[in-house]
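First residue of the sequence shown? That's 39 in my numbering, and the numbers climb one at a time after it. Every residue, glycine too, gets a C-beta built ideally from N, C-alpha and C. These figures come from a predicted structure and were not determined experimentally. First up is the structure itself, then whatever we jot down about it.
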Amino acid sequence: MTPKQITPDFSATTQIDAVDVAQAEAAGFKTIICTRPDGEEAAQPSAADVAQLAAALGMGFVHIPITPGLFGDADVRRMRKALDEAEGPVLGYCRSGTRAATLWALAEADRRSPDDILALAERAGFDLSAQRGRLIAAASQAARPGLSAKIHDVVIVGGGAAGIATAASLLKRRPSLDIAIVEPAECHYYQPGWTMVGAGVFKPDTTRVPMGAVMPDRVTWIRQAAAAFAPEAKEVVLADGSTMRYRILVAAPGLRLAWDDIPGLAEALGQNGVTSNYRFDLAPYTFRLASTMKPGRALFTQPAMPIKCAGAPQKAMYLSCDIWREAGILPRMEVEFHNAGGVLFGVPTYVPALMEYVERYGIGLNFGSTLVGVDGASGTATFERKNADGTAERVEREFDMLHAVPPQKPLEVMAASPLAGAGGWIEVDPTTLRHTRYPDIFALGDATNTPNAKTAAAARKQAPVVAVNVLAALEGRAPAAQYDGYGSCPLTVERGKIVLAEFGYGGTLLPTFPRWVLDGTRPTRLAWFLKDRMLPPIYWHAMLKGREWLCRPDPIAPAKPQEAA
Ligand code: FAD
């Protein structure tokens, strides 16, 4: 045991055993705080055993079990109380010491500045920077600077597809609602159009408008980012340190594209043949590369799930292949798909139609192959490949064109907030989209932990459900609408044809049209027409305006009366 001293009163260390308890007593510690649940590891002494030993040596003991990443407000309050009441110095422990240090930091947040806390922890060897947002929130709770007296009916965080659609659906139902949208970006993007930009079908500017153009007239637009969340006080702390208050919060801040997780990728993008349809400014470069390509090798990559629009990595590939087919160079192209996952598409029904195109275009499929490095100047990509025996190897592939899709993660501000569940995604009930721990919070879009396909199509269905349930919550009623997990992925297999995947939770097929009108399991011209001509106006003029075409919310069926025995 090597305790890391954060302050003279508090140190944190790794898991301790009986000998360590005796050593701690000899080193002068008066109280032990365990922040680890029992049974995480087979050899781990139970909290009760450590407590008994501590008591025998005249030391205090407190157990505040924390599941990794889940620091609840109640846990923080217990830690504050323990630190206030304990005789010091105190030794905190968990598996690595980080949970103990983090809980100390959060409990200390109303006493010291976030900078001081992070610096003290760093000096002791703990990087707690991911907690900055939450520390700021707690500090502002304590000092209350800039606390707005106004309490909005609804505060929506994020003015993307999900946030704007929800505001519009709410106002359609109740025009008098006082809604504020927290959104720092100056532009709103129709991201589903970027695949089409990458194939030269849409002009880039048809996918971008000034944010003000999509803000509903009656909402208050707060032009800055949410920096932290204080759900128990029903407050959101903004980037400038001021605080907003709400009756209901709707969180729709999207996800984070983790370009920097792949060494060399961020620097390489936009030159030397390295591109990605996942950025507005790069999608036109995809088209430029595809349309000026000389015979050579093109690599298309897909990171681990979850990602937004799981079909987008291969859509870029099929459309590029179609361009090369038309230019007559496809037979001399070497096209490879490197997918960190193990299947071409998560819902097996659509795979046969996609495989026909894989074979037609002569694409080499590489499953369990993850992009881990890019050297743009030499045109080399490095992949980590999983072998059947569980070992991994690194493989370098030279390329003339690389279409890279970045790993996708929760925003740091969300992952560090009490709203996050395991993995950092916002934890909501998958049916009502209400937060599992905070009944006055709802969340939708890419930021949640729900297992639907992260798509604008999903947000289109979710927004009316959230609107109905928010209004119910404002009136103190139970949620009244349900979401079935609908998401859609129009797989652009060639210019002019699409395999239209539409499915809900558990991969249940949820086609919008009867099969005789549109068979989503086959490539069809009608689905292309839908994507090319219908979906953009549906997005701009229906979804973002509260016109709920093809997405009326389903009421929650009343519980069936119990049958007599
Ligand atoms: P976003 O639309 O990303 O909006 C999030 C908003 O939150 C942004 O405006 C952001 O500025 C804001 N924000 C971020 N941080 C903060 C903060 N701290 N405080 C306040 N606001 C913040 N979907 C389909 O349905 N069909 C498709 O064919 C399709 N193809 C796609 C192709 C590509 C290349 C890409 C990239 C996406 C595609 N999608 C598709 C997915 C779709 O675009 C997303 O699922 C959808 O935009 C999610 O909506 P959202 O509101 O959750 O997130």
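A distance below 7 angstroms between beta-carbons, with the five flanking residues on each side excluded, links SER134 to the following residues of its chain, in chain order: THR52. Per DSSP, reduced to three states, the secondary structure at GLN500 is helical. The straight-line gap separating the alpha-carbon atoms of ARG498 and ALA206 is approximately 11 angstroms. Classified as exposed, ALA157 has fewer than 16 neighbouring CB atoms from the shown chains inside 10 Å of its CB. DSSP, reduced to helix, strand and coil, places GLY171 within a helical segment of the structure shown.
With a threshold of 16 other beta carbon atoms within 10 Å, LEU440 meets it and is buried. Closest by C-alpha distance to GLY542, out of ALA501, MET581 and ALA495, is ALA495. When C-alpha distances from ARG432 are compared across GLU224, PHE405 and VAL410, the shortest belongs to VAL410. By the neighbour-count definition (other C-beta atoms within 10 Å, threshold 16), HIS376 is a buried residue.
Not one heavy atom of the ligand FAD falls within 7 angstroms of the beta-carbon of TRP578.
Residue pairing from DSSP places ASP413 in a beta bridge opposite THR418. DSSP, reduced to helix, strand and coil, places GLU397 within a helical segment of the structure shown. A Cβ-Cβ distance of about 5 angstroms is found for the pair ALA442 and THR339, placing them in contact under the 8 angstroms criterion.
Considering only PRO444, PRO386 and TYR284, the residue with the shortest C-alpha distance to ALA306 is PRO444. Between ARG211 and LEU509, the C-beta gap is smaller than 8 angstroms, which places the two residues in contact. Approximately 18 angstroms separates the beta-carbon atoms of LEU121 and PRO152; this is outside 8 angstroms, ruling out the contact. The Cβ atoms of SER455 and ALA176 do not sit closer than 8 angstroms to each other. Ranking GLY428, GLU422 and GLY250 by CA distance to the CA of GLU434 puts GLU422 first.
Within the same chain, Cβ atoms closer than 6 angstroms to the Cβ of MET581 are found at ALA203 and ARG498, the five residues on either side in sequence being excluded. In the three-state reduction of the DSSP assignment, GLU63 falls in the helix class, which pools H, G and I. In the DSSP assignment, MET371 falls outside any beta strand (DSSP E) and carries neither an H nor an E.
Boundaries for THR339: no alpha helix (DSSP H) harbours it, while the beta strand (DSSP E) harbouring it runs 335-340, taken from the DSSP string. When DSSP reads this structure, SER407 sits in a beta bridge with ARG423. For VAL537, the enclosing beta strand (DSSP E) has its first and last residue at 535-541. Taken in chain order, the unbroken stretches of alpha helix (DSSP H) that lie wholly in the segment 257-323 and span 4 residues or more are 303-306. Short of 8 angstroms from the beta carbon of ILE102, and not among the five residues preceding or following it, lie these beta carbons of its own chain, in chain order: ILE71, CYS72, THR73, ASP113, ARG116, MET117, ALA120 and LEU141.
Scanning its chain for C-beta atoms nearer than 7 angstroms, with the 5 sequence neighbours on each side dropped, one finds around ASP47 the residues GLY126, PRO127 and VAL128, in chain order.
In the three-state reduction of the DSSP assignment, PHE48 falls in the strand class, which pools E and B. Rounded to whole angstroms, the separation of the alpha carbons of VAL537 and GLY380 is 20 angstroms. Judged by beta-carbon spacing, GLY406 lies beyond the 8 angstroms limit of PRO468, meaning their Cβ atoms are not closer than that value. Put simply, of PHE99, GLN43, PHE109 and GLY66 the residue whose alpha carbon is nearest the alpha carbon of GLY462 is PHE109. Taking the Cα of TYR577 as reference, the smallest distance to any Cα among ARG533, ILE219, VAL247 and ALA168 is reached at VAL247. TYR316 has its Cβ nearer than 7 angstroms to a heavy atom of the ligand FAD. For LEU556, the shortest C-beta to heavy atom distance toward the ligand FAD is 7 angstroms or greater. In the structure shown, PHE325 adopts helical secondary structure according to DSSP, grouped into three states. MET249 and ASP58 have their C-alpha atoms roughly 58 angstroms apart.
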